[in-house]
Amino acid sequence: MLNMNIYFIWFFIMFMMSLFIAYFSILFGCYDYFVMIEFYIMNINSVSIYYTMIFDWISLVFMFVVMFISSMVVLYSYDYLGIKSYSCIRFLFIVILFVISMLLMVVSPNLISILLGWDGLGLVSYCLVIYYSSMKSYLAGMITCLTNRLGDIGLLISIAWLSSYGSWHFMFYNNIYYLLIFYMIIFCSFTKSAQIPFSSWLPAAMAAPTPVSALVHSSTLVTAGVYLLIRFYNLIEFNFFFTFLSLMTLLFSSFCANYEFDLKKIIAYSTLSQLGLMMCSLLLGMKELSFFHLITHAMFKSLLFLCAGIFIYYMNDNQDIRFMNSLSVNMPLTCTCFNVSSMALCGIPFMSGFYSKDLIIELVVFNGVSFFFFFFFFFSIGLTVSYTLRLFYYSMIKVGFLNCYLSFFDSYSLMSISIYILSLISVIFGSLLMWMMNFDLFFFVLPFYVKLMTLLSLSLGIWFGFEVFGFNNFMNVNYYFFNGNMWFMFSYSFFIYFYLYKLMLSYGNIINSWGEYYGGFGMTYYFMKLTDFIYLNMNNNMKIFILFFFIWFLFSI
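Numbered according to UniProt numbering, the sequence shown terminates at residue 557, and the numbering increases by one at each position without gaps.
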């Protein structure tokens with residue numbers, strides 16, 4: 001009973017705070033308000049350390065999304081983890097710590113205060129990934145933690161670089177040398193948002209409980225890198241290399257999702273593809289549209305994970321979609337919510353994802369990018385529809401004999417209530433946010449056939465799902481193996497690790513043998529010899545001087 005009260009208390013607190021923040025986000029957006037609060041901490045020589053918080057419509061909208069999804073996840077976890085579980089209170093407090101770390105990162109315009117929330121996100125997400133005590137969870141947690149710590153180096157170097165300017169308030173500096181900071185922040189954001197070549201940790205992090213995946217690895221933690229780049233938008237200039245990497249992330253994750261059979265990993269790959277879309281649009285100069293897609297994506301992707309969690313919950317912890325047959329017969333309401341989020345992901349007209357995706361595609365075409373970007377943007381949209389249709393077919397339409405359940409049905413539990421609320425938000429949130437951010441005032445002049453290219457890509461994606469990724473299609477095993485293993489990204493990591501390890505051993509042997517001979521011990525020996533030689537020469541010079549002195553003395557007499 002105590003567990004039940006704690007869960008409901010925190011759900012009520014988070015839900016009411018989300019409504020309170022939503023009101024202020026609308027107010028700040030309409031009147032363009034901007035509030036900054038500073039707390040003086042200390043001085044170190046000429047560097048002043050402040051804890052700073054900034055409240056504008058961007059930070060408030062993102063805080064609303066974090067608090068709202070967190071409240072739904074807490075309500076969902078009450079039934080999913082079970083109130084009789086001994087660790088359910090521990091799970092709740094870890095989630096609360098994650099939310100606090102996320103809010104600290106969102107409201108910080110100062111690199112020191114960002115680092116406080118950033119490290120909190122990394123440590124708490126590691127605790128959530130290893131929540132289940134198994135070797136798979138421990139390995140996934142190690143990959144997640146080490147990859148994110150690798151990216152934190154960029155943030156630390158930026159802090160060290162800006163310390164020479166006397167403050168870490170990066171929003172106030174416009175005329176300083178920003179190129180190194182730009183590369184470091186990009187490096188930091190790419191690791192947190194799982195862009196190539198750091199994409200391997202996000203599918204591995206699916207070892208965490210499904211509510212964690214809905215909150216952490218779909219809507220908040222992975223988008224923190226994109227949000228950080230939005231805050232550093234004045235640094236961003238077009239860089240083909242980073243834009244190409246984000247576009248390849250969008251493409252390769254869509255391919256991998258078409259060859260995956262793990263339900264949570266398919267959704268993780270779809271998250272990866274949408275992160276690539278956000279990052280690519282941001283690097284092309286579309287700051288507001290990237291943030292718009294970030295917010296709408298957080299809503300429908302958290303719904304997608306929560307619906308997947310219900311499927312896994314009722315199917316004896318099975319995650320293979322080949323064992324999920326005709327779910328729509330037994331769970332029509334849950335499957336309806338799942339399809340709502342899937343349609344929003346595909347960008348079906350008048351769903352939440354349609355408004356942001358359509359604006360991004362139209363602005364990309366309107367700005368006149370190269371045919372390379374043009375083709376891969378539309379091709380990735382088709383692949384998104386393809387793997388969504390494949391998932392829909394395997395889990396809801398296909399009739400097979402590999403069922404892993406006996407009987408279940410839609411129940412009006414707390415899990416169902418949370419997904420019903422998120423389904424309503426996933427339908428209307430895109431249009432509401434579009435009106436609030438005045439995107440309906442954007443004016444594009446495009447040919448009629450270009451306007452229809454998005455819908456044509458959706459149609460081709462449906463055909464692609466039926467024909468190329470046929471449900472009874474036998475392709476080359478190597479082709480399946482290549483796409484099913486993330487284009488061997490784990491192998492690349494092992495390859496780099498193996499050869500770096502060999503290089504480190506060789507370097508160590510050189511240092512301990514020839515390095516010592518010509519280095520520390522050798523230099524000591526030769527310095528001693530040189531000292532003896534100089535001392536001998538000095539003694540000889542003294543002897544010669546005394547000899548000449550006596551000769552002069554004798555001849556002078």
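Idealized CB from N, CA, C, for every residue including glycine.
Nearest candidate by alpha-carbon position, reference residue 77, set 165, 163, 252 and 419: To locate residue 77, count along the sequence shown from 1; it is residue 77. It is 419.
If we call anything under 8 Å between Cβ atoms a contact, is residue 80 one with residue 313? Sequence index remark: in the sequence shown, residue 80 carries index 80 (1-based). Sequence index remark: in the sequence shown, residue 313 carries index 313 (1-based). Against a cut-off of 8 Å, the Cβ pair of residue 313 and residue 80 comes out as a contact.
C-alpha gap between residue 44 and residue 162, whole angstroms: By 1-based counting over the sequence shown, the position of residue 44 is 44. By 1-based counting over the sequence shown, the position of residue 162 is 162. In a straight line, the C-alpha of residue 44 is about 14 Å away from that of residue 162.
Buried or exposed: residue 205, going by 16 or more other Cβ atoms within 10 Å of its Cβ? As a working note, residue 205 is residue 205 in the sequence shown. Under this definition residue 205 is a buried residue.
For residue 53, does the three-state DSSP call read helix, strand or coil? Here residue 53 corresponds to residue number 53 of the sequence shown, with the count starting at 1. Strand.
List the DSSP bridge partners of residue 38. The count along the sequence shown starts at 1 and reaches residue 38 at position 38. DSSP, once it has assigned bridges, lists 52 as partnering residue 38.
Within a Cβ cutoff of 7 Å, which residues of the same chain sit near residue 50, ignoring the five residues on either side of it in sequence? The sequence position of residue 50 within the sequence shown is 50, counting from 1. Cβ-Cβ distances below 7 Å link residue 50 to 38, 39, 40, 41 and 110 in the same chain, with the five nearest sequence neighbours on each side left out; the list follows chain order.
In the structure shown, what three-state DSSP assignment does residue 47 receive? Position 47 of the sequence shown, counted from the first residue, corresponds to residue 47. Strand, per DSSP.
Determine the direct distance from the alpha carbon of residue 202 to that of residue 143, and round the result to whole angstroms. Walking along the sequence shown from the start, residue 143 turns up at place 143. Walking along the sequence shown from the start, residue 202 turns up at place 202. Their Cα atoms are separated by approximately 9 Å.
Let me know the alpha helix (DSSP H) ranges lying completely inside the segment 88 to 132, each 4 residues or longer, listed in chain order. You should have 88 to 106 and 111 to 129.
Which of helix, strand or coil DSSP assigns to residue 262: Translated into the one-based positions of the sequence shown, residue 262 becomes position 262. If DSSP states are grouped into helix, strand and coil, residue 262 belongs with the strands.
What does a CB cutoff of less than 8 Å around residue 550 pick up in its chain, not counting 5 residues either side in sequence? Locating residue 550 in the sequence shown gives position 550, counting from the first residue. Answer for residue 550: no residue qualifies.
Measure from the alpha carbon of residue 103 to the alpha carbon of each residue in 88, 224 and 184, then state which is nearest. For the purposes of this step, residue 103 is taken as residue 103 along the sequence shown, with counting starting at 1. When only C-alpha atoms are compared, the closest one is 224.
Nearest CA to the CA of residue 353: which residue from 375, 280 and 428? Along the sequence shown, read from residue 1 onward, the residue named residue 353 stands at position 353. Residue 353 has its Cα closest to that of 428, out of 375, 280 and 428.
Would you mind giving the Cβ-Cβ distance between residue 279 and residue 226, rounded to the nearest angstrom? I have them listed as a contact below 8 Å. Working through the sequence shown from its first residue, we reach residue 279 at position 279. Working through the sequence shown from its first residue, we reach residue 226 at position 226. Sure, about 6 Å apart at Cβ, within 8 Å.
Is DSSP giving residue 84 helix, strand or coil here? Counting from one through the sequence shown, the residue named residue 84 turns up at place 84. Summary for residue 84: the model assigns pLDDT 48, below 50, so the residue's position carries little reliability; its value from the coordinates is reported in the next sentence. Three-state result, residue 84: coil.
Is the number of C-beta pairs between the segment 336 to 344 and the segment 281 to 290 that are closer than 8 Å three or more? no
Quick check on residue 160: buried or exposed, where buried means 16 or more other Cβ atoms within 10 Å of its Cβ? As a position in the sequence shown, residue 160 is number 160, starting the count at 1. Residue 160 comes out exposed.
Option nearest residue 228 by Cα separation, candidates 256, 200, 208 and 184: As a working note, residue 228 is residue 228 in the sequence shown. Looking at the Cα atoms, 184 is the closest of the given residues.
C-beta atoms of residue 363 and residue 436 nearer than 8 Å: Residue 363 sits at position 363 when you count from the first residue of the sequence shown. Residue 436 sits at position 436 when you count from the first residue of the sequence shown. Not closer than 8 Å, so no.
Alpha carbons only, please: which of 179, 213 and 383 is nearest the one belonging to residue 253? On the sequence shown, residue 253 is found 253 positions in, with the first residue counted as 1. That would be 383, whose Cα lies nearest to the Cα of residue 253.
Between the segment 303 to 318 and the segment 252 to 268, do at least 3 Cβ pairs fall closer than 8 Å? yes
At a Cβ threshold of 8 Å, is residue 185 touching chain B? Note that chain B does not occur in the displayed structure, where there is just one protein chain.
Between the CA atoms of residue 150 and residue 136 - distance to the nearest angstrom: Working through the sequence shown from its first residue, we reach residue 136 at position 136. Working through the sequence shown from its first residue, we reach residue 150 at position 150. Those two C-alpha atoms are separated by around 21 Å.
Go ahead and pull the three-state DSSP assignment for residue 320. The residue given as residue 320 occupies position 320 in the sequence shown. Residue state, collapsed to three classes: strand.
Can you tell me whether residue 273 is buried or exposed? The criterion is at least 16 other CB atoms within 10 Å of its CB, across all chains shown. As a working note, residue 273 is residue 273 in the sequence shown. Buried, by the Cβ-count rule.
Can you tell me the Cα-Cα spacing of residue 84 and residue 374, whole angstroms? Position 84 of the sequence shown, counted from the start, is the residue given in the question as residue 84. Position 374 of the sequence shown, counted from the start, is the residue given in the question as residue 374. Interpretation of residue 84 is limited by its pLDDT of 48, a score under 50 that renders its predicted location unreliable; no figure is taken from the coordinates.
Alpha carbon to alpha carbon, what distance is there between residue 187 and residue 106? Here residue 106 is taken as the residue at index 106 of the sequence shown, counted from 1. Here residue 187 is taken as the residue at index 187 of the sequence shown, counted from 1. Whole-angstrom Cα-Cα distance: 19 Å.
Would residue 237 be called buried (16 or more neighbouring beta carbons within 10 Å of its own) or exposed? One-based indexing of the sequence shown puts residue 237 at position 237. The residue in question, residue 237, is exposed, as its Cβ has fewer than 16 Cβ neighbours within 10 Å.
Between residue 52 and residue 347, what straight-line distance do the alpha-carbon atoms span, to the nearest angstrom? Here the question's residue 52 lines up with position 52 in the sequence shown. Here the question's residue 347 lines up with position 347 in the sequence shown. Distance between the alpha carbons of residue 52 and residue 347 is about 38 Å.
Short Cβ contact (8 Å threshold) for residue 593 with residue 15: Since the first residue of the chain shown is 1 and the last is 557, residue 593 is not available in this structure.
Here's the rule I'm using: 16 or more other beta-carbon atoms within 10 Å means buried, otherwise exposed. How should residue 329 be labelled? As a first step, residue 329 must be located in the sequence shown, where it is residue number 329. Exposed is the call here.
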